[in-house]
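Worksheet: one structure, shown below.
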(Lines of atoms letter the chains of each structure in order from A and count residues from 1; the text may use other names and numbers.)
(Lines give C-alpha, C1' and ligand atoms only; values in the text may rest on other atoms or scores of the structure.)
Protein backbone atom coordinates (compact mmCIF):
# COMPACT_ATOMS: atom_id res chain seq x y z
CA UNK A 1 0.00 0.00 0.00
CA UNK A 2 2.95 2.35 0.55
CA UNK A 3 4.07 1.82 -3.05
CA UNK A 4 0.51 2.52 -4.14
CA UNK A 5 0.67 5.97 -2.54
CA UNK A 6 4.05 6.66 -4.14
CA UNK A 7 2.78 6.13 -7.68
CA UNK A 8 2.41 9.24 -9.84
CA UNK A 9 -0.91 8.25 -11.40
CA UNK A 10 -3.70 5.75 -10.86
CA UNK A 11 -2.68 2.11 -10.44
CA UNK A 12 -4.74 -0.06 -12.77
CA UNK A 13 -3.26 -3.46 -11.89
CA UNK A 14 -1.01 -4.77 -9.09
CA UNK A 15 1.77 -5.41 -11.60
CA UNK A 16 2.13 -1.66 -12.10
CA UNK A 17 3.34 -1.36 -8.51
CA UNK A 18 6.54 -3.20 -9.42
CA UNK A 19 7.45 -0.40 -11.82
CA UNK A 20 7.52 2.20 -9.04
CA UNK A 21 11.02 3.22 -7.95
CA UNK A 22 10.17 2.65 -4.28
CA UNK A 23 9.25 -0.97 -4.99
CA UNK A 24 12.50 -2.94 -4.70
CA UNK A 25 11.04 -6.42 -4.97
CA UNK A 26 10.04 -8.56 -7.92
CA UNK A 27 6.77 -9.82 -9.29
CA UNK A 28 6.92 -13.04 -7.28
CA UNK A 29 7.27 -11.25 -3.95
CA UNK A 30 4.31 -9.03 -4.73
CA UNK A 31 2.01 -11.93 -5.62
CA UNK A 32 3.18 -13.90 -2.59
CA UNK A 33 2.23 -10.98 -0.36
CA UNK A 34 -1.19 -10.82 -2.00
CA UNK A 35 -1.74 -14.54 -1.46
CA UNK A 36 -0.90 -14.29 2.23
CA UNK A 37 -3.12 -11.29 2.81
CA UNK A 38 -6.91 -11.23 3.10
CA UNK A 39 -9.74 -8.79 2.58
CA UNK A 40 -12.70 -8.47 4.91
CA UNK A 41 -15.43 -8.54 2.27
CA UNK A 42 -18.29 -7.82 4.66
CA UNK A 43 -16.50 -4.84 6.15
CA UNK A 44 -15.60 -3.52 2.71
CA UNK A 45 -19.22 -3.87 1.63
CA UNK A 46 -20.40 -1.87 4.64
CA UNK A 47 -17.89 0.88 3.88
CA UNK A 48 -19.13 1.10 0.31
CA UNK A 49 -22.73 1.22 1.53
CA UNK A 50 -21.86 4.19 3.73
CA UNK A 51 -20.74 6.26 0.74
CA UNK A 52 -23.19 8.62 -1.00
CA UNK A 53 -25.47 6.59 -3.29
CA UNK A 54 -26.88 8.11 -6.49
CA UNK A 55 -30.62 8.72 -6.39
CA UNK A 56 -33.37 9.48 -8.86
CA UNK A 57 -34.87 12.92 -9.36
CA UNK A 58 -37.47 12.28 -6.64
CA UNK A 59 -34.84 11.09 -4.14
CA UNK A 60 -35.63 7.42 -4.60
CA UNK A 61 -33.01 4.69 -4.64
CA UNK A 62 -33.04 2.75 -7.92
CA UNK A 63 -30.93 -0.41 -8.21
CA UNK A 64 -30.32 -2.23 -11.48
CA UNK A 65 -29.25 -5.88 -11.66
CA UNK A 66 -27.66 -7.54 -14.67
CA UNK A 67 -25.09 -10.18 -15.59
CA UNK A 68 -21.83 -9.37 -17.36
CA UNK A 69 -19.47 -12.04 -18.66
CA UNK A 70 -15.73 -12.12 -18.16
CA UNK A 71 -14.62 -14.09 -21.21
CA UNK A 72 -11.53 -16.26 -20.75
CA UNK A 73 -11.39 -18.64 -23.73
CA UNK A 74 -7.62 -19.25 -23.41
CA UNK A 75 -7.55 -19.90 -19.64
CA UNK A 76 -7.53 -23.68 -19.97
CA UNK A 77 -6.38 -24.33 -16.39
CA UNK A 78 -8.92 -22.02 -14.74
CA UNK A 79 -11.72 -23.70 -12.83
CA UNK A 80 -15.49 -23.12 -12.77
CA UNK A 81 -15.70 -21.65 -16.24
CA UNK A 82 -19.06 -21.63 -17.98
CA UNK A 83 -20.18 -21.16 -21.55
CA UNK A 84 -21.22 -17.51 -21.77
CA UNK A 85 -23.68 -16.41 -24.43
CA UNK A 86 -22.12 -13.68 -26.58
CA UNK A 87 -24.46 -11.92 -28.99
CA UNK A 88 -23.19 -11.52 -32.54
CA UNK A 89 -23.22 -8.34 -34.57
CA UNK A 90 -24.70 -9.90 -37.70
CA UNK A 91 -27.89 -11.33 -36.22
CA UNK A 92 -28.65 -14.24 -33.97
CA UNK A 93 -26.96 -16.66 -36.36
CA UNK A 94 -23.57 -15.23 -35.36
CA UNK A 95 -24.02 -15.77 -31.60
CA UNK A 96 -21.26 -17.64 -29.81
CA UNK A 97 -20.79 -19.50 -26.54
CA UNK A 98 -17.40 -18.53 -25.15
CA UNK A 99 -15.86 -19.97 -21.95
CA UNK A 100 -15.70 -17.47 -19.12
CA UNK A 101 -17.17 -16.42 -15.79
CA UNK A 102 -20.56 -14.72 -15.42
CA UNK A 103 -20.69 -11.94 -12.83
CA UNK A 104 -23.85 -10.51 -11.31
CA UNK A 105 -23.60 -6.74 -10.82
CA UNK A 106 -25.82 -4.46 -8.74
CA UNK A 107 -25.54 -0.75 -9.51
CA UNK A 108 -27.34 2.36 -8.28
CA UNK A 109 -28.85 4.56 -11.00
CA UNK A 110 -29.55 8.25 -11.08
CA UNK A 111 -31.62 10.54 -13.26
CA UNK A 112 -29.78 12.55 -15.88
CA UNK A 113 -28.37 12.55 -19.36
CA UNK A 114 -25.03 11.12 -18.26
CA UNK A 115 -26.56 7.74 -17.29
CA UNK A 116 -24.13 7.62 -14.37
CA UNK A 117 -24.28 4.51 -12.22
CA UNK A 118 -22.38 3.39 -9.14
CA UNK A 119 -21.56 -0.33 -8.83
CA UNK A 120 -22.41 -1.58 -5.35
CA UNK A 121 -21.69 -5.31 -5.48
CA UNK A 122 -20.43 -8.03 -7.81
CA UNK A 123 -20.74 -11.80 -7.36
CA UNK A 124 -19.35 -14.52 -9.59
CA UNK A 125 -21.95 -17.15 -10.43
CA UNK A 126 -20.97 -20.80 -10.19
CA UNK A 127 -21.95 -23.72 -12.38
CA UNK A 128 -24.12 -25.38 -9.71
CA UNK A 129 -25.97 -22.36 -8.35
CA UNK A 130 -29.37 -20.99 -9.26
CA UNK A 131 -29.09 -17.60 -10.94
CA UNK A 132 -32.35 -16.25 -9.52
CA UNK A 133 -31.69 -17.40 -5.95
CA UNK A 134 -28.10 -16.14 -6.01
CA UNK A 135 -29.22 -12.78 -7.36
CA UNK A 136 -32.00 -12.51 -4.77
CA UNK A 137 -29.52 -13.17 -1.95
CA UNK A 138 -27.17 -10.58 -3.43
CA UNK A 139 -29.91 -7.96 -3.73
CA UNK A 140 -31.13 -8.66 -0.20
CA UNK A 141 -27.63 -8.10 1.12
CA UNK A 142 -27.18 -4.90 -0.89
CA UNK A 143 -30.53 -3.51 0.30
CA UNK A 144 -29.91 -4.32 3.96
CA UNK A 145 -26.51 -2.58 4.03
CA UNK A 146 -27.81 0.96 3.22
CA UNK A 147 -30.57 0.47 5.79
CA UNK A 148 -27.99 -0.34 8.46
CA UNK A 149 -25.88 2.66 7.40
CA UNK A 150 -28.92 5.03 7.67
CA UNK A 151 -29.12 5.57 3.91
CA UNK A 152 -32.77 4.56 3.96
CA UNK A 153 -35.20 5.50 6.73
CA UNK A 154 -38.67 4.38 7.65
CA UNK A 155 -41.17 6.47 5.71
CA UNK A 156 -39.04 6.83 2.58
CA UNK A 157 -40.21 5.44 -0.73
CA UNK A 158 -39.47 1.80 -1.40
CA UNK A 159 -36.28 0.99 -3.25
CA UNK A 160 -36.93 0.22 -6.91
CA UNK A 161 -35.18 -2.92 -8.21
CA UNK A 162 -34.91 -3.17 -12.01
CA UNK A 163 -34.36 -6.60 -13.59
CA UNK A 164 -33.98 -7.94 -17.09
CA UNK A 165 -36.30 -10.46 -18.70
CA UNK A 166 -34.28 -13.50 -17.69
CA UNK A 167 -35.02 -13.34 -13.95
CA UNK A 168 -38.78 -13.52 -13.61
CA UNK A 169 -40.42 -10.72 -11.64
CA UNK A 170 -42.99 -12.90 -9.76
CA UNK A 171 -40.35 -15.25 -8.37
CA UNK A 172 -38.00 -12.39 -7.55
CA UNK A 173 -40.79 -10.62 -5.66
CA UNK A 174 -41.38 -13.80 -3.66
CA UNK A 175 -37.69 -14.16 -2.79
CA UNK A 176 -37.39 -10.49 -1.77
CA UNK A 177 -40.46 -10.47 0.46
CA UNK A 178 -40.07 -8.57 3.71
CA UNK A 179 -37.84 -5.86 2.20
CA UNK A 180 -38.92 -2.28 1.39
CA UNK A 181 -38.48 -2.82 -2.35
CA UNK A 182 -40.54 -2.70 -5.53
CA UNK A 183 -39.64 -5.11 -8.33
CA UNK A 184 -39.75 -3.93 -11.93
CA UNK A 185 -38.90 -6.63 -14.47
CA UNK A 186 -38.98 -6.64 -18.24
CA UNK A 187 -41.24 -9.28 -19.72
CA UNK A 188 -40.02 -11.76 -22.27
CA UNK A 189 -40.83 -11.06 -25.90
CA UNK A 190 -42.36 -14.51 -26.39
CA UNK A 191 -45.11 -13.90 -23.81
CA UNK A 192 -48.74 -13.46 -24.84
CA UNK A 193 -51.07 -11.26 -22.80
CA UNK A 194 -54.79 -12.05 -22.68
CA UNK A 195 -57.49 -9.45 -22.31
CA UNK A 196 -60.20 -10.12 -19.71
CA UNK A 197 -63.58 -11.39 -20.83
CA UNK A 198 -66.25 -8.66 -20.67
CA UNK A 199 -68.96 -9.07 -18.03
CA UNK A 200 -71.77 -9.96 -18.53
CA UNK A 201 -70.69 -12.51 -21.12
CA UNK A 202 -73.10 -13.38 -23.94
CA UNK A 203 -72.99 -16.98 -25.11
CA UNK A 204 -71.16 -17.37 -28.43
CA UNK A 205 -73.34 -18.07 -31.49
CA UNK A 206 -71.57 -21.34 -32.21
CA UNK A 207 -72.59 -22.68 -28.80
CA UNK A 208 -70.48 -24.44 -26.24
CA UNK A 209 -68.68 -23.18 -23.20
CA UNK A 210 -67.60 -19.53 -23.37
CA UNK A 211 -63.82 -18.96 -23.29
CA UNK A 212 -62.14 -17.68 -20.16
CA UNK A 213 -59.88 -15.23 -21.98
CA UNK A 214 -60.19 -13.04 -25.01
CA UNK A 215 -57.83 -12.79 -27.95
CA UNK A 216 -54.16 -12.74 -27.04
CA UNK A 217 -51.80 -9.81 -27.54
CA UNK A 218 -48.29 -11.06 -28.42
CA UNK A 219 -45.50 -8.89 -27.06
CA UNK A 220 -43.20 -9.72 -29.94
CA UNK A 221 -45.22 -7.61 -32.38
CA UNK A 222 -44.95 -3.94 -31.49
CA UNK A 223 -48.03 -3.01 -33.52
CA UNK A 224 -50.30 -4.91 -31.12
CA UNK A 225 -49.13 -3.00 -28.07
CA UNK A 226 -50.96 0.03 -26.79
CA UNK A 227 -49.55 3.43 -27.60
CA UNK A 228 -48.81 5.93 -24.89
CA UNK A 229 -50.88 9.07 -24.89
CA UNK A 230 -49.09 12.05 -26.37
CA UNK A 231 -49.99 15.55 -25.45
CA UNK A 232 -48.51 19.02 -25.59
CA UNK A 233 -48.98 20.59 -22.18
CA UNK A 234 -46.59 23.51 -22.67
CA UNK A 235 -48.74 25.27 -25.27
CA UNK A 236 -45.83 25.56 -27.68
CA UNK A 237 -45.24 23.89 -30.98
CA UNK A 238 -43.46 20.56 -30.54
CA UNK A 239 -39.97 20.29 -31.96
CA UNK A 240 -40.16 16.74 -33.29
CA UNK A 241 -43.72 15.48 -33.50
CA UNK A 242 -44.22 15.01 -37.24
CA UNK A 243 -41.89 14.96 -40.25
CA UNK A 244 -43.21 18.39 -41.23
CA UNK A 245 -42.55 19.82 -37.78
CA UNK A 246 -38.94 20.72 -37.11
CA UNK A 247 -36.56 23.45 -36.11
CA UNK A 248 -37.02 25.24 -39.45
CA UNK A 249 -37.55 24.74 -43.18
CA UNK A 250 -35.66 22.02 -44.94
CA UNK A 251 -32.32 23.10 -46.46
CA UNK A 252 -32.16 23.47 -50.25
CA UNK A 253 -30.89 20.47 -52.20
CA UNK A 254 -27.16 20.51 -52.94
CA UNK A 255 -25.87 21.37 -56.40
CA UNK A 256 -24.59 18.73 -58.74
CA UNK A 257 -20.85 18.09 -58.45
CA UNK A 258 -18.66 19.74 -61.08
CA UNK A 259 -16.03 17.88 -63.01
CA UNK A 260 -12.44 18.92 -62.42
CA UNK A 261 -11.19 18.23 -65.96
CA UNK A 262 -13.58 20.75 -67.54
CA UNK A 263 -13.30 24.53 -67.12
CA UNK A 264 -16.19 26.47 -65.69
CA UNK A 265 -18.35 28.41 -68.12
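Residue numbers (full-length UniProt numbering): 1 to 265. From the three backbone atoms N, C-alpha and C, an ideal C-beta is built for every residue, glycine too. Computed from a predicted structure; not experimentally measured.
Beta bridge counterpart(s) of residue i as assigned by DSSP
i	result
residue 309	Here the chain has residues from 1 to 265 only, and residue 309 is not among them.
residue 119	107
residue 86	96
residue 124	103
Selection from the options that minimises the alpha carbon distance to residue i
i	options	result
residue 112	82, 58, 152, 75	58
residue 110	102, 54, 30	54
residue 116	123, 122, 108	108
residue 167	86, 100, 183	183
residue 127	176, 100, 144	100
residue 133	94, 173, 14, 38	173
residue 136	146, 171, 180	171
residue 61	178, 81, 152	152
residue 98	154, 176, 82, 13	82
residue 104	73, 34, 164, 169	164
residue 147	129, 46, 177, 96	46
residue 155	70, 181, 89, 87	181
residue 52	68, 177, 179, 119	119
residue 142	35, 102, 48	48
residue 270	194, 144, 185, 189	Beyond the ends of the chain as shown, which are 1 and 265, falls residue 270; an answer cannot be given.
Alpha helix (DSSP H) segment containing residue i, residue limits
i	result
residue 175	169-175
residue 136	131-148
Boundaries (first-last residue) of the beta strand (DSSP E) holding residue i
i	result
residue 103	96-109
Cβ distance (whole Å) where residue i is taken to contact residue j below 8 Å
i	j	result
residue 65	residue 139	6 Å
residue 44	residue 30	Contact doesn't hold; Cβ gap of about 21 Å is too wide.
residue 123	residue 63	At roughly 14 Å, the Cβ-Cβ gap does not stay under 8 Å, so residue 123 and residue 63 are not in contact.
Report the residue ranges of all alpha helix (DSSP H) runs contained in full by the segment 2-84; include only those spanning at least 4 residues, in chain order.
2-6, 27-36, 41-49
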